[in-house]
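Everything on this sheet refers to the single structure shown next.
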Amino acid sequence: MSSGLEFRDGEQEVIKLLEECAELKRMLRLISGQLGRMENRIRHAFPSITQKVQERKVQERKVAHAERHLAPRSADEVLAEFDKLVALAACGASQDAERIVDSRSSADLLAMAKELGVSFPKSKPSVKDLRAAIFGKVRESVLLSRHNTRTSVRAEG
């Protein structure tokens with residue numbers, strides 16, 4: 000007969016894979032429970048240290064939250080940055096421009112999208128949608144600037 004690694008048909012293979020998934024889930028639950036018990040033992044054994052760690056984490060969260068909700072930059076700054084992105088993309092460094100867009104916070108992206116007149120179907124667009132819309136506007140501006148350059152050269156000649 001054949002070894003246990005081979006299957007007669009797809010149905011048997013699916014059943015075997017589902018059994019393996021169930022076993023992995025059970026193992027993960029056991030590991031998670033064991034980690035939870037270890038954390039509790041550490042908290043009880045070293046209450047002063049764990050309290051300091053918890054306070055530090057809370058403070059870091061507060062700082063991160065405050066940084067995310069700072070007032071976005073002014074319209075002039077946002078448009079100046081957009082112009083830099085367009086210039087980068089126009090000279091062939093579109094990956095650099097995309098990297099800059101990817102590094103911006105959601106508040107900055109939202110401010111830039113509003114200044115550029117981008118509209119979204121949702122009231123709170125995702126960061127991915129913001130990035131895509133802004134870079135779409137960058138590409139659009141590059142194409143329009145190339146078109147304007149060609150028409151001005153034809154008019155002069």
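Residue 119 in numbering that gives the first Met the number 0 sits at position 120 of the sequence shown, with consecutive numbering throughout.
Just so you know, even glycine gets a beta-carbon here, dropped at the ideal spot from N, CA and C.
Residue i, DSSP secondary structure in three states
i      : result
Ile14  : helix
Cys20  : helix
Pro46  : helix
Asp8   : coil
Ser125 : coil
Met0   : Note that Met0 has pLDDT 40, beneath the 50 cutoff, so the model's placement of it is unreliable and the number below is only indicative. Of the three classes helix, strand and coil, the one that applies to Met0 here is coil, per DSSP.
Limits of the alpha helix (DSSP H) - the one that residue i falls within
i      : result
Val117 : Counting along the chain, Val117 falls outside any alpha helix (DSSP H), and DSSP gives it neither H nor E.
Ala74  : 74-89
Ala96  : 93-102
C-alpha gap between residue i and residue j, whole angstroms
i      : j      : result
Asp101 : Arg138 : 15 Å
Ala89  : Lys113 : 22 Å
Met130 : Ala106 : Note on residue identity: the sequence assigns Arg, not Met, to residue 130. Looking at the two C-alpha atoms, the distance is approximately 12 Å.
Leu78  : Lys15  : 58 Å
His43  : Met111 : 49 Å
Ala21  : Glu38  : 26 Å
Ala96  : Lys136 : 12 Å
Lys56  : Ile48  : 13 Å
Ile41  : Lys24  : 26 Å
Ala86  : Glu12  : 55 Å
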